[in-house]
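J.: One structure, pasted below without further comment.
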Amino acid sequence: MTEQMPIPAARAPDPRVQAIIKLAILAVGGQGGGVLTGWIEDLARANGYDAQATSVAGVAQRTGATIYYIEMAPASGRVPVFSLAPSAGDVDILIAAEMMEAGRAIIRGFVTPDRTVLIASTHRMLAVSEKMVPGDGIADADAVRAAAEVAAARLIMADFEATAVRSGSVISAALFGALAASGALPFPRAAFEDAIRASGKGVEPSLRAFAAGFEAASAGAAPAAAAKAAMPAAPPAPQGPKALMAAWAALEARAAAYPAPAADMARRGLAKVVDFQDAAYGAEYLDALDRVRAADSAAQGWVLTREAAKYLANAMAYDDVIRVADLKTRPGRTARVRAEMGAKSDTVMAVTEYFHPRAEEIVGLLPAAMGARWQADPRRMALLDRLFNRGRRLRSDGLPAFLALWLIGGLRGWRRRTLRHAEEAAHRSAWLARALSLAGRDYGLAVEVIRCRRLIKGYSDTHARGLSKFDRVMDGIALVEGRPDAADWARRLREAALQDEGGKALEGAIATIRSFV
Amino acid sequence: MAERSFKAEVAHLRKGAGDTFTGEGILAITKALLENGVGYVGGYQGAPISHLMDVLADAEDLLSELGVRFEANASEAAAAAMLAASVHYPIRGAVTFKGSVGVNVASDALANLASSGVTGGALVIVGEDYGEGSSIMQERSHAFAMKSQFWLLDPRPNLPSIVKAVGDGFALSEASNTPVMMMVRIRSCHVTGSFACRDNVRPQLTVREALSAPRKDFARVVLPPMSYQHEQDKVKVRWPAAERFIVENGLNERFGPATAPVGIVVQGGMYNGVIRALQRLGLADIHGDTAVPLYVLNVTYPLVASEFLDFCAGKDAVLVVEEGQPEFIEQQLSTFLYRAKSLVQLHGKDIFPMAGELTGKVMLDAVTAFLKRAAPQMLPAQVVAPNAPAPPIPDLTKTVPIRPPGFCTGCPERPIFAAMKLVERELGQHQISADIGCHLFASLPPFEIGGQTMGYGLGPASNAAFDGGGAKRAISILGDGGFWHNGLSSSIGNMVFNKADALTIIVDNYYSAATGGQDIPSSRADNPTKATQHPISRAVRGVGVEWVRQIDRTYDVKRMRDTIREALTTPEKGPKVIVASSECMLNRQRREKPQRAAAIKAGQRVEVPRFGVDEDVCTGDHACIRLSGCPSLGLKRLDDPLRDDPVAHIDQTCVGCGNCGEVADAAVLCPSFYEARVVHNPGRLEAWWARLSARVIAALQARRAARRLSFGAAG
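Sequence order for the protein chains is F and D.
Under this note's numbering, think of the first position of the first sequence as 1, with each following residue one higher.
Under this note's numbering, think of the first position of the second sequence as 1001, with each following residue one higher.
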């Protein structure tokens, strides 16, 4: 190894250096990047290439971003000097086993227009920072796709995760298929399959996923068109007895008569509240929405009406015990759980529900006046907590628990008399009244007030936190009311409230407002 | 049993002369140890050399055939101390651990070993955990070699060079009576390649044989006056002997033309990076034949002045390629030049960044900058005057989220931290100190528990200032690995001794999990060569802790929460210790999955649990995720214009650990979680009853559906 070769200082670059194929794999720990690396290495060696692979293992394997790197060159009898790590601007093939990892590869300069074939799976494994946001914190995959289209010499994108799962295997095999389909390595398809066979582990499922990945990559060569979000599904159609269907038809006609920008949302909202309660409740919904429409106009594009159609429905179909019990005992739910678990209709399956009722939920079911009295009495609330407040695990596939849930779900007729209903109705009408009172003076602000309903969601503590955020945002809105940029501030307050659980961002936004009002 | 099994690969360790070995760097090192007649091996796991420990453990049969003793040491200090066997006996010994933290822990023993000097070759294989993928503070092990004066090898990162370095290391150690440290970086541990094998060699003297003829030498003991003599011996005898050996055996290498105006001095481990930069500049060919002379330091300590000055002779400028800081090598080489009154220009950290990994881009830029300055005529035209810039690529740095490592799907540590989060809501924030191990991931979102880590087994010790107690008790976390490594004495024992009014939660997941699932004394598995099943709670009571709570199912979030609350609020003084035990899910799945598949195939009744979310019940607040962060608990966008926020969704990777349901219950979240247990091969009675129940349920559902309006799939 210590031979010294006198070489002239000036000479032409070695064309064999250009022939080195450099391949990097960016994956998330646990995706099988090591297996994929092993296949590629074996493939290269079996086909007359020298190859070298490296990886960065360690704690990165615990669900963190990981990177594998392979270099190969035609064997010449003398071992080439390969690099141990990919270098920005010097990668021929980049395999990203997840969409944001493709983005990370682009950031790190591993995808360049002069040379890189980018093979990326479009599925998402959300990072914790994306998931924990109370609102919608999911990163923008379209931005990554747009950047990939600029950065890659050639782009192969498909949901290889779904492809692999459908084949009963894991993503590494599907990506290996995509690599074969890309033609970026100078080996025939059969050689790839031989590498899988030679590994001897889980060969059949891997070969199936390989074939599926190969096909998906061949089909998905022009990815941009397929990515466009599909139109939302058609509004749900009702089922029910004839008399009720007639009542529905009348309501639906009223909804259809709304101005075009709001009609679809009104139709969906109507379905939601009727599903929640009954046709009479649907009529109530449309009555309230009519009042909004009266304060709205075509000149404003019917935005207020459309937004009210959406949030009024959500407000009216609030989350109470009756609704949860109802949703959990419907026939469609049973089918959905089975589909989700991949269980056939005759497979025995035990389903456990996790309930934790508190005194608040119990008084919520009492008649309004009585419930209010109990709620005001801490001793009675403590008694209820003692009786009811504990986690209850109900086997909803068994008769006793199902029957209990079914009976609670059947309390819809009783619902309108309950304390919870009275509270929800009062809160709702105050909110709506506030929006309507603003509509004439500051239309934009009225729309924002309607949209603030998004803040109220969840159960128990989460629900209480949502209500408190709603109140704080409403107070903040009161501060800016009358200013020309009030609507903009209201939007910022709401977005801030959705950023974190504790409401730090919201506090900051309110502090900013206080600094200038 | 470790996470990764090397049983198949270990067969290759039996290869002999004439065979070719192809595989990973780690295995090559093991093979080299056997070819060089090693007598005992040991170490402590940790990336990037965890797999070396795993290979050794899996190769125990072969090792004992050869008379080689394998010891799974308690810590890096214990591993280094084991090299004491080479002080008096002519037995070659090798231990391995990660740098720089392992060297930190081992430094006491290493310093004593270096002072005593060795008779048999003593080799420390250090996995230098620096740069991308590293899980520790960014430091160099190099400083330890300098301060205690043991030699440091940094071989070129290919299998033949690494294998050769092992043999060179033993020989150098014996020739200079000095322990030798061989450094392998993360990627060289996992790099693949081939080398020509030699036959395995039995140690000339085995440790068993040595026990029959004990030796001692008063002059080797680190006590005055011998310790003074050791220092003189190091400088006057061992060092010159080492330099002689290095030069005579050509341990360092030179490549390229004998004469040129410039040259590059490079740590062996950086060689491939430099060659790649030269290849890209058209100054080296595919095999590394270079137009720029290279002086490759396979031995980075000590540096040999004569060799270096000889390389510099006739050159105008020399570049030093050295990763990390401080730039010890560059400083030493500068001194050599200065003392020799040389006019050669020395470049290094003036061109390279002082801190951080020398990635491909950094290397290319620095070598280019050096040549532009020192020998521009060597550079191709387009480097001197580049073409038009490439089209700008959209900036994604604001789009792409960071993805740090975290708890695995179904991890038993998750519910512990969910419970801590719930207690925090009741009692407010506490002073929390973490340790080393998987549990440290809790300091990241969503839990954000714990704000410090001071070393392995030192979690409770690092809270010692707060041991006196106060309005709120300090909490520390300790993993089972850290507990046995150092925690029992340094942390728990001293909590007792100092009457600490504080809480320690010991996370007992049955393995040294973060390093790859190696067994430790409290592991539950039967291990043929190790004594396992020593309960941590007994050890804790043994050192005098009175208040001990053992929790055998961490997934019981309510119990976990109540126990932590009790520990923080009980009037009882003194240390409180909660041992929270549940098996590492990664290892459990690896163990149980094949068993389960076999049982299902054999027609036995098996329940397979998984969780789900009712998407029409979930309101999209994600409170559950803020108490979990499980990879299988993600989000799903609904195809419904009425809904704004994505709802929680559990994918098919869920292992049904139960955390979601427990947390939903304990934190009183929403009722949208359900657990579905698919029953394989149910009994006849069971199947009949399930059919009957389903029929009654369907009848009830149909009855209601006939009397109401219901919509779409939700119906």
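Positions of the beta carbon are idealized from the N, C-alpha and C atoms, including for glycine.
Quick caveat: nothing in here was measured; it's all calculated off a predicted structure.
1. Determine whether the Cβ of Tyr-281/F lies closer than 8 Å to any Cβ atom of chain D.
2. Just the Cα atoms here: how many angstroms apart are Asp-42/F and Ala-339/F?
3. With 8 Å set as the bound, which would you pick, yes or no: does the beta-carbon of Glu-448/F sit closer than that to a beta-carbon of chain D?
4. Please decide whether Gly-364/F counts as near chain B, where near means a Cβ-Cβ distance under 8 Å.
5. Give me, in chain order, the residues of the same chain whose beta-carbon lies closer than 8 Å to that of Ala-1567/D; leave out the 5 immediate sequence neighbours on both sides.
6. With burial defined as no fewer than 16 other Cβ atoms inside 10 Å of the residue's Cβ, what is the status of Ala-10/F: buried or exposed?
7. With a Cβ-Cβ cutoff of 8 Å, do Ser-182/F and Val-111/F count as a contact?
8. Tell me the residue span of the alpha helix (DSSP H) that contains Ser-1342/D.
9. Does any residue of chain F have a CB that is nearer than 8 Å to the CB of Lys-1031/D?
10. Under 7 Å Cβ-Cβ, which residues of chain F neighbour Leu-1642/D?
11. Between Thr-1399/D and chain F, is the shortest Cβ-Cβ distance under 8 Å, so that the two count as touching?
12. Kindly list, in the order they appear in chain F, the residues whose Cβ is closer than 9 Å to that of Tyr-1674/D.
13. If you reduce the DSSP assignment to three classes, tell me which class Leu-383/F lands in.
14. With the cut-off set at 8 Å, would you say Ile-106/F and Ala-148/F are in Cβ contact?
15. Would you mind telling me which residues of chain F sit closer than 8 Å to Lys-1361/D, beta carbon to beta carbon, in chain order?
16. Are Ile-1275/D and Leu-1303/D closer than 8 Å when you measure CB to CB?
17. According to DSSP, is Leu-118/F part of a helix, a strand, or is it coil?
18. Need the endpoints of the alpha helix (DSSP H) that Ala-1687/D sits in, please.
19. With 8 Å set as the bound, which would you pick, yes or no: does the beta-carbon of Ala-1699/D sit closer than that to a beta-carbon of chain F?
20. Can you find the residues in the same chain that come closer than 6 Å, C-beta to C-beta, to Ser-1148/D, ignoring five residues on each side of it along the sequence?
21. Kindly indicate which residue of Gly-1656/D, Gly-1468/D, Lys-1421/D and Ile-1432/D has the alpha-carbon position closest to the one of Ile-1475/D.
22. Val-1608/D to Arg-1677/D, Cα distance in whole Å?
23. Can you name the residues of chain D whose CB is closer than 8 Å to the CB of Gly-64/F?
24. Where does Arg-1695/D land, buried or exposed, given buried means 16+ other C-beta within 10 angstroms?
25. Could you give the distance in angstroms between the alpha-carbon of Arg-293/F and the alpha-carbon of Thr-1569/D?
26. Taking Leu-396/F as the reference, give the member of Glu-1009/D, Gly-1437/D and Glu-1675/D with the closest Cα.
27. Could you tell me the distance, in whole angstroms, from the CA atom of Pro-1404/D to the CA atom of Ser-1443/D?
28. Quick one: which residues of the region 1184-1195 of chain D get their C-beta closer than 9 Å to a C-beta of chain F? List them in chain order.
29. Nearest chain D C-beta to Trp-431/F closer than 8 Å, yes or no?
30. Do Gly-1367/D and Leu-1278/D have their C-beta atoms closer together than 8 Å?
31. At least one CB of chain D closer than 8 Å to the CB of Pro-261/F: is that the case?
32. What runs of the alpha helix (DSSP H), each 4 residues or longer, lie entirely inside the region 44-117 of chain F?
33. Contact between the region 493-501 of chain F and the region 334-352 of chain F is defined here as three or more beta-carbon pairs at a separation below 8 Å; is this criterion met?
34. Using a Cβ-Cβ distance cut-off of 8 Å, determine whether Glu-1413/D contacts chain F.
35. Would you list, in chain order, the members of the region 1127-1149 of chain D that have their beta-carbon closer than 8 Å to a beta-carbon of chain F?
36. Rounded C-beta distance between Leu-26/F and Ala-97/F? I'm assuming under 8 Å.
T.: To lay it out plainly:
1. It does not; no Cβ of chain D falls within 8 Å.
2. Those two C-alpha atoms are separated by around 39 Å.
3. no
4. Here the protein chains are F and D, and chain B is not one of them.
5. Contacts found: Arg-1473, Leu-1503, Trp-1547, Arg-1549, Lys-1576 and Ile-1578.
6. Note that Ala-10/F scores 49 on pLDDT, short of 50, meaning its location in the model is unreliable; the coordinates nonetheless yield the value given after this. Answer is exposed; the Cβ neighbour count stays below 16.
7. no
8. Note, Ser-1342/D: premise wrong, no alpha helix (DSSP H); not H, not E.
9. Among the CB atoms of chain F, none fall inside 8 Å of the CB of Lys-1031/D.
10. Neighbours of Leu-1642/D across chain F, judged by C-beta separation under 7 Å: Arg-268, Gly-269, Lys-272, Lys-310, Ala-313 and Asn-314.
11. yes
12. Lys-328, Val-337, Val-351, Thr-352, Glu-353, Tyr-354 and Ser-396
13. helix
14. yes
15. Ser-87, Ala-88, Gly-89 and Gly-109
16. The Cβ-Cβ distance between Ile-1275/D and Leu-1303/D does not fall below 8 Å.
17. strand
18. 1684-1705
19. no
20. Leu-1110, Ala-1111 and Ala-1114
21. Ile-1432/D
22. 5 Å
23. Going along chain D in sequence order, the residues near Gly-64/F (Cβ under 8 Å) are Arg-1403, Pro-1404, Pro-1405 and Gly-1406.
24. exposed
25. 58 Å
26. Before going on, a small fix: residue 396/F reads as Ser here, not Leu. Per the Cα distances, Glu-1675/D.
27. Going from the Cα of Pro-1404/D to the Cα of Ser-1443/D covers about 11 Å.
28. When C-beta distances to chain F are compared with 9 Å, the residues of the region 1184-1195 of chain D below that value are Arg-1185, Ile-1186, Arg-1187, Ser-1188, Cys-1189, His-1190, Val-1191, Thr-1192, Gly-1193 and Ser-1194, in chain order.
29. no
30. One point to set straight first is that residue 1367/D is Val, not Gly, in the sequence displayed. Yes, they are a contact pair.
31. no
32. 99-107
33. Cβ pair count under 8 Å is below three, so no.
34. no
35. Asp-1129, Glu-1132, Gly-1133, Ser-1134 and Ser-1135
36. 7 Å
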